[in-house]
Amino acid sequence: MNRLIRSVLLALVGTVVIFVGAAQEPVGKITFPLNRVFVIRAGSSQLQMAHFNMDVFPGDKIETRKESRCEITLKNGDVIRIDENSIYTLEEVVVTEQNVKAESFLSVGKLWSTVRKIFSKDDYFKVKSPSAVIAVRGTIYRIDVEPDSTTQLRVYDGAVEVKPYNPSMGMQEQGPQEKAGGEKQVKPAWPPQDVSGPTDVAGPRDVSMEEWLEIIKAQQQIVVRPDGSYEKSEFDPVQDAKSDWVQWNKKRDALLQR
Numbered sequence: 001m002n003r004l005i006r007s008v009l010l011a012l013v014g015t016v017v018i019f020v021g022a023a024q025e026p027v028g029k030i031t032f033p034l035n036r037v038f039v040i041r042a043g044s045s046q047l048q049m050a051h052f053n054m055d056v057f058p059g060d061k062i063e064t065r066k067e068s069r070c071e072i073t074l075k076n077g078d079v080i081r082i083d084e085n086s087i088y089t090l091e092e093v094v095v096t097e098q099n100v101k102a103e104s105f106l107s108v109g110k111l112w113s114t115v116r117k118i119f120s121k122d123d124y125f126k127v128k129s130p131s132a133v134i135a136v137r138g139t140i141y142r143i144d145v146e147p148d149s150t151t152q153l154r155v156y157d158g159a160v161e162v163k164p165y166n167p168s169m170g171m172q173e174q175g176p177q178e179k180a181g182g183e184k185q186v187k188p189a190w191p192p193q194d195v196s197g198p199t200d201v202a203g204p205r206d207v208s209m210e211e212w213l214e215i216i217k218a219q220q221q222i223v224v225r226p227d228g229s230y231e232k233s234e235f236d237p238v239q240d241a242k243s244d245w246v247q248w249n250k251k252r253d254a255l256l257q258r
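In terms of the working numbering, the sequence shown opens at residue 1 and continues consecutively.
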C-alpha cells in the first residue's frame, strides 16, 4: 500500500512539473556561459548551473561569479551579456521573432546589450537599475551598476532614454539592491515612449527626482547617482576600447555579425 501511495504521489508531482513547464514559453537561450554562471527560476531560491542552449523564462535571475560571463540571446535575436559578479533578472518579457516587450533589472555588475531597432509603439525594451531606468529603441550600449547603486551608461550606437529611479512615482519598489538570492521583485516602470532627437551634452547637475529625462546618443555617457543627481558627457572611445570587457563584447558582436 505504501508503495502504491508513493507511486501515485510521484506521478502527481511529475504532472505538476510538466504542467508548470508547459504553461510558460522560453523567451530565449543562454548562448555563451563562461565558468560559474547560475540561473534561479522565478519562485525558487535554487541555483542551477547554466549550460549552453539553456532556456530562459520570464522571472529568471542570472548570477555570475568571479571570472565568469554570460550571453543571453532572446527569440528575436536581441543579445544581452553580463560580466563577472553581476545579478540580472528578466522580469516581464514577451518576445517573438518580430516583437518584444521586455523589462529587466540589473541589480549590480556590468551589462552589454545589442538591441534591434524597435518600430512598433507597442514594443519596448527597458533595463532598470537601483538608480535609473533605461528605455531602448534599438542600439548598442553598456551599463555598469556599482555596489552603492550608482549607474553608468555608455552608448555605442543609436540612442537611449534615461530617467531616474523614483519610488514616489511608482517606477519601482526596490531600494538598494540586496545580495544574491535576496533581491525583491520589481514592478513595471513607466510606459514606453518614443525617443526624441539628441540633445546637447550637459554638465553635472543636482536635480530633483522628478525633473529630468535625458537622451543619450552614440559616444555619450551618463552617470546617475542614488540621490537622482547625474552627469552627462562624452567618453573617449579609444580609452574605452582598452577595456577587456569592451573588447570581448565587440568580438562577440563581430562573430554574430552585429
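The beta-carbon is built from N, C-alpha and C at its ideal position, and this holds for glycine as well.
Coil, strand or helix - residue i by DSSP
i    : result
R252 : helix
P130 : coil
Q219 : coil
Q257 : coil
Q152 : strand
D157 : strand
Q48  : strand
Beta-carbon proximity check, residue i vs residue j, cutoff 8 Å
i    : j    : result
A135 : K126 : yes
S129 : N99  : no
D253 : T114 : yes
R65  : R81  : no
V108 : V27  : no
K61  : I87  : yes
V95  : K117 : no
S143 : T151 : It should be noted that the sequence gives Ile, not Ser, for residue 143. It is a contact, given that the beta carbons lie within the stated cut-off.
For residue j and residue i, the rounded distance between their alpha carbons
i    : j    : result
D55  : D78  : 15 Å
E231 : K163 : 13 Å
T31  : Q221 : 28 Å
E103 : S229 : 23 Å
R36  : A50  : 8 Å
F57  : L34  : 20 Å
P237 : K29  : 31 Å
D240 : K101 : 30 Å
E71  : I40  : 16 Å
Residue span of the beta strand (DSSP E) that contains residue i, given as start and end
i    : result
D83  : Neither: D83 is in no beta strand (DSSP E) and is coded neither H nor E.
D227 : Here D227 belongs to no beta strand (DSSP E), and DSSP marks it neither H nor E.
P33  : 28–34
F105 : 100–115
I143 : 139–145
Unbroken alpha helix (DSSP H) run spanning residue i, endpoints
i    : result
P237 : 237–240
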